[in-house]
Amino acid sequence: MNVSIDSSALENMQSLLGEQFEDTLVFCCSEFERLENDLKLALNSDRQEAIRHAHSLKSNAAQFGATSLSSTARAIEQGLMKGDDVTVSENMEQISEQVLGSKSQLLQWLSMHP
26 MNVSIDSSAL
36 ENMQSLLGEQ
46 FEDTLVFCCS
56 EFERLENDLK
66 LALNSDRQEA
76 IRHAHSLKSN
86 AAQFGATSLS
96 STARAIEQGL
106 MKGDDVTVSE
116 NMEQISEQVL
126 GSKSQLLQWL
136 SMHP
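The working numbering puts the first residue of the sequence shown at 26, with every later residue one more than the last.
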């Protein structure tokens with residue numbers, strides 16, 4: 026599985042947030058994990074809540090350049106809205122790896138661009 030990070034999105038956020046960038050990025054990475062867990066918990070019990078968590082994960086990931094994570098979360102969100110359980114299942118199989126890989130690459134990027 027490929028994990029894709031858009032460096033230009035990170036550079037833009039770094040420029041926008043200035044000295045708050047590092048703390049915000051670290052917080053965002055922890056949010057990826059929280060949203061993934063919340064999505065998994067809601068998946069079989071509350072479809073609307075699961076859609077909301079997938080949407081938040083998609084948006085947060087996109088904002089910080091985690092493009093492949095955002096795409097995976099988008100596929101889950103769309104699948105849930107359309108009742109496409111196959112798409113949801115296929116992408117849920119990838120979400121943990123995407124969260125971990127994105128977090129790792131984002132923090133690595135941060136260490137090289139203080």
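Virtual Cβ for every residue (Gly too), placed ideally from N, Cα, C.
Computed from a prediction, not measured in an experiment: that's the story for all the values here.
Sequence-distant residues of the same chain with beta carbon closer than 8 Å to PRO139, five excluded per side:
GLU47
Quick check on GLY43: does DSSP put it in helix, strand or coil?
helix
Give the range of the alpha helix (DSSP H) segment to which GLU91 is assigned.
Contrary to the premise, residue 91 reads as Ala rather than Glu in this sequence. From DSSP, ALA91 is part of no alpha helix (DSSP H); its letter is neither H nor E.
Below 8 Å on the Cβ atoms is my contact criterion, and I expect PHE57 with LEU82 to pass it. Report the Cβ-Cβ distance as a whole number of Å.
7 Å
Where the alpha helix (DSSP H) through SER29 begins and ends:
First-last for SER29: undefined, no H or E at that position.
Give the secondary structure of ASN62 by DSSP, where H, G and I count as helix, E and B as strand, and everything else as coil.
helix
Rounded C-alpha distance that separates ALA86 from ASN69
23 Å
Do ILE120 and THR92 have their C-beta atoms closer together than 7 Å?
no
Can you list, in chain order, the residues of its chain whose CB lies under 6 Å from that of ARG99, leaving out five sequence neighbours each side?
LYS83
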